[in-house]
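So the number in my numbering is just where the residue sits in the sequence shown, counting from 1, plus 11.
Inspection log for the structure reproduced underneath, given as C-alpha cells.
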Amino acid sequence: MPELSDAQKVTDATSTTDQTEITAAQFLRSLIVTIVVGKGSKAQSFPIYKDLLTTHSPYFKACLNGAWEEGKTNIVRLEDDNPKAFEIVANWLFKDPTAMKQTDITNKTVVVRYKLADKLLMTQLKNNILDGFQAFQLAKNESCSIGWLDHLCSKGLQRTALYDYCLKSYVSGLGAPEVKCAGDMFANAAGSLTNEEAMKDLITMMAKFMQQRWGDPRKETGCVYHDHSDGSSCSVVRGVKRRHE
Ligand SMILES: [Zn+2]
C-alpha cells in the first residue's frame, strides 16, 4: 500500500467528523512551498503547506512530486494567473470561512477564478465557485447574457459546468423578462452570434427548453452543475482546517 502523506492521513482520520482540526505538529511536518502568481511588479508570493496543495490539486501534485524543476526548488510560478484569483485558492485550502463570500464571486470575477481552479484541476473548488455564482445571480436577480457564451469559449471553458450553467441561464432568462441580463457581457454578443459552436449549443438548448420548460437554473441545488469527473464527492470532508487563534 502506498505511503500516505500527512495531509491525506488527516483527511482520512477526519472523514467521519468535521470537528477535528489538523494539529500544529502535523502542520510543522509539512514542507512549505512558495507559489508565485503574476508577472513583474504585480507578482505575489504565497507560502503554503506542500501537503495541502498536493492533496487538493493534481496540478500541484504533478509539479511538486515529479521530477520537474519545481520539485527541487519548491517554487511554482503561475505567471499568467491573477494573484487576486489565487487568494481564493489559498483561502479555500485553509478552509477560511470567508473564502466564498458572495462578493468574491461576481459577474466580473467568476470566469477568471473558475478558470484558475480548472487549470489547477481543483474540482471541488470549481463546484464551490459555481455554487457561489448561482447565489450571486439569484441575489442580483440576473441571468447570463448571450455574450457569456463566446467569452467562455475564448477562455477555453466551453465544455465545463460553468458554460452549461450560463447556456441554461441565458435560455431560461429569455422566458423570464423580470430577470435582468448581466449587462457587462453584452459587448460580446456579436462574438457569440458568429461563434458556430456556441450557436449550435444555443439552438440545441432552446429546442430542449421548448419541450421541457425547466425551472430557474439559479435555484438548482445538489450536484447539477458540479464536476465530479475525478471521482470526488460533495460528501467528502476535506478535514483540514486553519487553527483559529
Ligand atoms: Zn457535487
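Where a beta carbon is used, it is the ideal one built from N, C-alpha and C, also for glycine.
The structure presented is a predicted model; accordingly, all values stated were derived computationally and were not measured.
Contact test: residue i Cβ vs ligand 1 heavy atom, cutoff 7 Å
i, result
"ASN206", "no"
"HIS237", "yes"
"CYS177", "no"
"CYS234", "yes"
"CYS192", "no"
"ASN139", "no"
"CYS245", "yes"
Boundaries (first-last residue) of the beta strand (DSSP E) holding residue i
i, result
"LEU168", "Careful: LEU168 lies outside any beta strand (DSSP E) and carries neither H nor E."
"LEU42", "From DSSP, LEU42 is part of no beta strand (DSSP E); its letter is neither H nor E."
"LYS58", "Lys is not the amino acid found at residue 58; the sequence shown has Pro there. Segment 55-60, the beta strand (DSSP E) holding PRO58."
Start-to-end residues for the alpha helix (DSSP H) that takes in residue i
i, result
"LEU132", "Counting along the chain, LEU132 falls outside any alpha helix (DSSP H), and DSSP gives it neither H nor E."
"VAL182", "172-185"
"ILE214", "207-223"
"PHE71", "69-76"
"ILE99", "94-104"
"ALA200", "200-204"
"GLY82", "80-84"
query: Per the contact definition of three or more C-beta pairs closer than 8 Å, is the segment 172-186 in contact with the segment 213-224?
result: yes
task: Could you tell me whether the segment 93-102 touches the segment 197-209, using the rule of 3 or more Cβ pairs below 8 Å?
output: no
Segment contact, 8 Å Cβ cut-off, at least three pairs: the segment 144-160 with the segment 63-80: no
query: If you pair each beta-carbon of the segment 181-192 with each one of the segment 149-168, do three or more pairs fall below 8 Å?
result: yes
message: Closer than 8 Å is the cut-off here; do at least three beta carbon pairs connect the segment 52-69 with the segment 113-127?
response: no
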